[in-house]
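Colleague:
Number of protein chains: 2
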Amino acid sequence: MSRDELAPGPETTTETTDADRFTNARAIRSTALFEDYTELIADLTEEFGEARITDIARRLGVTHPTANKAVLRLKREGLAISRPYRGVFLTEAGAAMAREVKARHRLVVRLLIAVGVPPEAAEMDAEGIEHYVSETTLKAFEAYLGGRD
Amino acid sequence: MSRDELAPGPETTTETTDADRFTNARAIRSTALFEDYTELIADLTEEFGEARITDIARRLGVTHPTANKAVLRLKREGLAISRPYRGVFLTEAGAAMAREVKARHRLVVRLLIAVGVPPEAAEMDAEGIEHYVSETTLKAFEAYLGGRD
DNA sequence: TTGGAAATATAGCATTGGCTACATTTCTGT
DNA sequence: ACAGAAATGTAGCCAATGCTATATTTCCAA
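The listed protein sequences derive, respectively, from chains A and B.
Each residue of the first sequence is one higher than the one before, starting from 1411 at the first, in our numbering.
Each residue of the second sequence is one higher than the one before, starting from 1411 at the first, in our numbering.
Written as structure tokens, this is what we have:
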């Protein structure tokens, strides 16, 4: 009945526990929002020369106070800058995050389509999946896609 | 400069907007926790005959008050039942969710491994990815895996 | 059987991320 | 040039999800 020493599996080597996986997933969840915002701000800046709160809010499907509050957090984290009543711009750190996220997004969509997921569903699901794809998995996706087209 | 009618793409048909995708991802994020808990409670119940708060907390890597509070939400949503100072059990609805989540989890891991992701990374990433895989994508994964082994 | 250890419950705090309502500033058309 | 429209900012509310600290209950072993 004692569940105390049941955890250690066969090998006593460095092992990834359930808790590790869940903790990892929680950590990712807390950065996912930043990734969405930086990517979107990069898109809007490219399209319009600046990213305005109203446009950010509309694209994300949230109200503008919500977008505004998120931008405050982005600024606090050094990912964006803005002046009152003006557009939002990414810092170098924010732009780097946006580039990285965009590359990951594209790769995830390409992989989903490659294994037979309809493009529409691939785009939809990638929006959530992309945040959880590790560097290792990304490399595997690249190898898989590279080796077949 | 007017960004108002830039949104409508080429076809005026039913179109999935960015906002739709983000709204979908947010909705999923809010059910992900329930999915993790029901799956875990099912596992523990199978292993030990009941799911205890302490075990739930340890496996998820959170403190027990956190697990307790989450279980209160599960009960409120009709996914679990429990009596004070006793183990937690799934309702039929909770058990159904657990079964569905577990099947999805296994399929995601299998697919990741099939495209070349190392098993350890596949397990890690699946913990987050699984929540975002739609029915359509799941079907595609099944077809892909079925057609190659 | 009873006292200490373990498990569970609860109170209270912080942050995130959503909202509505309202204030302020900027833009724009006449 | 200015009035109304649009955009932005801010205040305040709520629920979720984490935490620590402190009860309370149950379990187990001497």
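Note that CB positions come from ideal geometry on N, CA and C, so glycine has one too.
All values reported here derive from a predicted model rather than from experimental measurement.
1) Please report how far the alpha carbon of residue 1445 of chain B lies from the alpha carbon of residue 1511 of chain B, in whole angstroms.
2) In the stretch 1538 to 1553 of chain B, which residues sit with their C-beta less than 8 Å from some C-beta in chain A, listed in chain order?
3) Could one say the Cβ of residue 1528 of chain A lies closer than 8 Å to chain B's Cβ atoms, at least one of them?
4) So which residues of chain B does residue 1489 of chain A contact, with C-beta pairs closer than 9 Å?
5) So, does the CB of residue 1500 of chain A fall closer than 8 Å to a CB anywhere in chain B?
6) Is it buried or exposed, residue 1488 of chain B, if we count other Cβ atoms within 10 angstroms and call 16 or more buried?
7) Taking C-beta pairs closer than 7 Å, name the residues in chain B that residue 1429 of chain A reaches, listed in chain order.
8) Go ahead and label residue 1522 of chain A buried or exposed: buried means 16 or more other beta carbons lie within 10 angstroms of its beta carbon, across all protein chains shown.
9) Please specify which runs of the beta strand (DSSP E), each continuous and at least 3 residues long, are wholly inside the stretch 1479 to 1559 of chain A, giving them in chain order.
10) Look at the alpha carbon of residue 1434 of chain A and the alpha carbon of residue 1534 of chain B, and state the distance between them as a whole number of angstroms.
11) Is the beta carbon of residue 1525 of chain B sitting closer than 8 Å to the one on residue 1525 of chain A?
12) Around the Cβ of residue 1538 of chain B, are there at least 16 other Cβ atoms within 10 angstroms (buried) or fewer (exposed)?
13) Can you tell me which residues form a DSSP beta bridge with residue 1467 of chain B?
14) Using a Cβ cut-off of 9 Å, pull out every chain A residue sitting near residue 1433 of chain B, in sequence order please.
15) Could you check the C-alpha separation between residue 1449 of chain A and residue 1490 of chain A for me, to the nearest Å?
16) Note down the Cα distance separating residue 1503 of chain B from residue 1459 of chain A, rounded to an integer number of angstroms.
Modeller: In this structure, then:
1) Counted from its first residue, the second sequence places residue 1445 of chain B at position 35. Counted from its first residue, the second sequence places residue 1511 of chain B at position 101. Answer to the nearest angstrom: the Cα atoms are 6 Å apart.
2) 1538, 1539, 1541, 1542, 1543, 1544, 1546, 1547, 1550, 1551 and 1553
3) Counting from one through the first sequence, the residue named residue 1528 of chain A turns up at place 118. With 8 Å as the cut-off, residue 1528 of chain A counts as an interface residue toward chain B.
4) Stepping through the first sequence from its first residue, residue 1489 of chain A is reached at position 79. Residues of chain B passing the Cβ test: none, with the nearest at roughly 18 Å.
5) As a position in the first sequence, residue 1500 of chain A is number 90, starting the count at 1. So, not an interface residue.
6) Sequence index remark: in the second sequence, residue 1488 of chain B carries index 78 (1-based). Per the 10 Å Cβ criterion, exposed.
7) Within the first sequence, residue 1429 of chain A is the residue found at index 19, counting from 1. The answer, in chain order, is 1468, 1469, 1470 and 1471.
8) Working through the first sequence from its first residue, we reach residue 1522 of chain A at position 112. Residue 1522 of chain A should be labelled buried.
9) 1490 to 1492 and 1498 to 1500
10) Working through the first sequence from its first residue, we reach residue 1434 of chain A at position 24. Working through the second sequence from its first residue, we reach residue 1534 of chain B at position 124. The straight-line gap from Cα to Cα measures roughly 8 Å.
11) For this step, residue 1525 of chain B is matched to residue 115 along the second sequence. For this step, residue 1525 of chain A is matched to residue 115 along the first sequence. The Cβ atoms of residue 1525 of chain B and residue 1525 of chain A sit closer than 8 Å to each other.
12) One-based indexing of the second sequence puts residue 1538 of chain B at position 128. With 16 or more other Cβ atoms within 10 Å, it is buried.
13) Translated into the one-based positions of the second sequence, residue 1467 of chain B becomes position 57. In the DSSP output, where bridge partners are listed per residue, residue 1467 of chain B has none listed.
14) Walking along the second sequence from the start, residue 1433 of chain B turns up at place 23. Simply 1470, 1471 and 1472.
15) Numbered from 1 along the first sequence, position 39 holds the residue referred to as residue 1449 of chain A. Numbered from 1 along the first sequence, position 80 holds the residue referred to as residue 1490 of chain A. Residue 1449 of chain A and residue 1490 of chain A: Cα-Cα distance of roughly 12 Å.
16) Taking the second sequence and counting its residues from 1, the one referred to as residue 1503 of chain B is at position 93. Taking the first sequence and counting its residues from 1, the one referred to as residue 1459 of chain A is at position 49. In a straight line, the C-alpha of residue 1503 of chain B is about 50 Å away from that of residue 1459 of chain A.
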